[in-house]
Amino acid sequence: MGATLAHFVTSGQEQLTGHQYSTRSFAAFLNPTRADTRVTPRHGAPVEIQVMGRGTPDVLDARNVSQTGVGIYVAHDFAGCDLDETVELVITLPYERPFLNQGTIKHQTEGAREGHHFGVHFSDLPADHLENIQNYVQSLTRA
């Protein structure tokens, strides 16, 4: 049986009513030929993102992750953070030490009930951090 929208709506769940669901993001479902596969972090093992822009001290859970960037939901707007602005990120993958990197806000949309969605593109990830993210993404695409 092929993947359905329900697989991606519940993608953070390991199992729901006895059915196995994918951890690939809905964006990956819509565009499966993307060079940078996006995955949705597993329930109970979040990818934490701290955006160090003006007025943004929150630690947020990533909505999706790829080797080129991260999507995050914020209950409020990032006051003072604009499209194409560079921000400092503290990224914590599950069971890994946090690391610092820069990113550029590439898109933002308002969700009806989930707040604001921001897409942040990583800037010049060092090779070891890129490898950690690639390994993380691959571990979820094999799941």
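Residue numbering for the sequence shown follows my numbering, beginning at 70 and increasing consecutively. Every residue gets a Cβ at the ideal spot worked out from N, C-alpha and C, and that includes glycine.
TODO: Return helix, strand or coil for residue 207, following the three-state DSSP convention.
DONE: In the structure shown, residue 207 falls within a helical segment according to DSSP collapsed to helix, strand and coil.
Open item on the list: Quick check on DSSP: helix, strand or coil for residue 198?
Closed with: DSSP places residue 198 in the helix class (H, G or I) of the three-state scheme.
Task: Own chain partners of residue 179 with C-beta closer than 6 Å, once the 5 adjacent residues on each side are dropped - done: In its chain, beyond the 5 residues on either side, 185 have a beta carbon closer than 6 Å to the beta carbon of residue 179.
Task: Coil, strand or helix - residue 144 by DSSP - done: Coil at residue 144, not helix or strand.
Open item on the list: Assuming residue 119 is part of the beta strand (DSSP E), what are its boundary residues?
Closed with: Unbroken beta strand (DSSP E) run through residue 119: 117 to 120.
TODO: Measure the C-alpha to C-alpha separation of residue 211 and residue 133 and round it to an integer number of angstroms.
DONE: Taking the Cα positions, residue 211 is about 16 Å away from residue 133.
- [ ] Taking the CB atoms as reference points, tell me whether residue 108 and residue 156 lie closer together than 8 Å.
- [x] It is not a contact, given that the beta carbons lie outside the stated cut-off.
Open item on the list: So, with DSSP's three-state summary, where would you put residue 107?
Closed with: Here residue 107 sits in coil by DSSP.
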